[in-house]
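Worksheet: one structure, shown below.
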Amino acid sequence: NAGVMQNPRHLVRRRGQEARLRCSPMKGHSHVYWYRQLPEEGLKFMVYLQKENIIDESGMPKERFSAEFPKEGPSILRIQQVVRGDSAAYFCASSPRGTRGETQYFGPGTRLLVL
Amino acid sequence: AQKVTQAQTEISVVEKEDVTLDCVYETRDTTYYLFWYKQPPSGELVFLIRRNSFDEQNEISGRYSWNFQKSTSSFNFTITASQVVDSAVYFCALSEPLNAGNMLTFGGGTRLMVKP
């Protein structure tokens, strides 16, 4: 019973490059959430997606960041033209039905380092 | 706006001591959900417990117990007879469905160090 999968686990990019982070939800889960954890801080919500739909992107920076969850394949968080301040751990979580207050199960995270 | 405060940034105990991690929350809603997650040194986030605002019964799971007090807006977590493997960062989180959708609002975390 595989949990939430994220890859890569570690990603190094130079300023100005693009970062693509992938998340495969738990089997049977069709709701995905992305959170960012800056060093020594708690997690901050970024975006909530259902298959082919963005439900809530209120925590997503307006520029350079985008997310998708296609009908087939993993959810992708894309960061264009990365800057040093994007260095963080990015966590994906999933839940089965998207009902209010449902437990979200987290993946192992992707640690992004921008040089 | 919803907010979660974990005032203890770091706690150090010796193995077999009991330890309580505090969590205080703010919410405008009468229906909400509280969670605890554990982040061990390996970095992943492990779900520990979910509690809804209508269930104030305390819960015990092995050496873990949770004390939910609506009157003081607190959801504290106690580890009895701590072990070195309990060393981790513990996060309290709040879901306020009517006002904030399905997002979780996390506290800043409490780093627990259990020394042998």
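If you read the protein sequences in the order shown, they are chains A and B.
First residue of the first sequence? That's 4 in the numbering used here, and the numbers climb one at a time after it.
First residue of the second sequence? That's 73 in the numbering used here, and the numbers climb one at a time after it.
Glycine residues also receive a C-beta, built at the ideal position from the N, C-alpha and C atoms.
Is it buried or exposed, residue i, if we count other Cβ atoms within 10 angstroms and call 16 or more buried?
{"i": "N174 of chain B", "result": "buried"}
{"i": "P28 of chain A", "result": "buried"}
{"i": "Q107 of chain A", "result": "buried"}
{"i": "I132 of chain B", "result": "exposed"}
{"i": "V86 of chain B", "result": "exposed"}
{"i": "G19 of chain A", "result": "exposed"}
{"i": "A96 of chain A", "result": "buried"}
{"i": "G110 of chain A", "result": "buried"}
{"i": "Q9 of chain A", "result": "buried"}
{"i": "A79 of chain B", "result": "exposed"}
{"i": "F149 of chain B", "result": "buried"}
{"i": "D127 of chain B", "result": "exposed"}
{"i": "L24 of chain A", "result": "buried"}
{"i": "V157 of chain B", "result": "exposed"}
Taking 8 Å as the CB-CB cut-off, is residue i touching chain A?
{"i": "M175 of chain B", "result": "yes"}
{"i": "E98 of chain B", "result": "no"}
{"i": "N124 of chain B", "result": "yes"}
{"i": "S133 of chain B", "result": "no"}
{"i": "L117 of chain B", "result": "yes"}
{"i": "F140 of chain B", "result": "no"}
{"i": "F149 of chain B", "result": "no"}
{"i": "S167 of chain B", "result": "yes"}
Helix, strand or coil, according to DSSP, for residue i in the structure here?
{"i": "R81 of chain A", "result": "strand"}
{"i": "T38 of chain B", "result": "Because residue 38 of chain B is not part of the residues shown, which for chain B are 73 to 188, the question remains open."}
{"i": "D89 of chain A", "result": "helix"}
{"i": "V96 of chain B", "result": "strand"}
{"i": "V157 of chain B", "result": "helix"}
Taking CB distances under 8 Å as the criterion, tell me whether residue i reaches chain B.
{"i": "Y51 of chain A", "result": "yes"}
{"i": "T113 of chain A", "result": "no"}
{"i": "A92 of chain A", "result": "yes"}
{"i": "F121 of chain A", "result": "Residue 121 of chain A is absent from the model: chain A starts at 4 and stops at 118."}
{"i": "E60 of chain A", "result": "no"}
{"i": "Q84 of chain A", "result": "no"}
{"i": "F109 of chain A", "result": "yes"}
{"i": "G31 of chain A", "result": "no"}
Quick check: the Cα distance between residue i and residue j, rounded to an integer number of angstroms?
{"i": "F68 of chain A", "j": "E89 of chain B", "result": "45 Å"}
{"i": "Q155 of chain B", "j": "E55 of chain A", "result": "44 Å"}
{"i": "R103 of chain A", "j": "P169 of chain B", "result": "5 Å"}
{"i": "G180 of chain B", "j": "E44 of chain A", "result": "6 Å"}
{"i": "I79 of chain A", "j": "L14 of chain A", "result": "14 Å"}
{"i": "D59 of chain A", "j": "T152 of chain B", "result": "39 Å"}
{"i": "R17 of chain A", "j": "P42 of chain A", "result": "19 Å"}
{"i": "K30 of chain A", "j": "A5 of chain A", "result": "7 Å"}
{"i": "E116 of chain B", "j": "L115 of chain A", "result": "15 Å"}
{"i": "D101 of chain B", "j": "W138 of chain B", "result": "21 Å"}
{"i": "L106 of chain B", "j": "E71 of chain A", "result": "28 Å"}
For the ligand FAD, I want to know if residue i counts as a neighbour, meaning its beta carbon is within less than 7 Å of at least one of the ligand's heavy atoms.
{"i": "S137 of chain B", "result": "In terms of ligand content, the structure shown is empty, and the ligand FAD therefore cannot be addressed."}
Stretch pair the region 84–101 of chain B + the region 153–169 of chain B: three plus CB contacts closer than 8 Å: Look at the beta carbons and you see the region 84–101 of chain B touching the region 153–169 of chain B: at least three pairs across the two are nearer than 8 Å.
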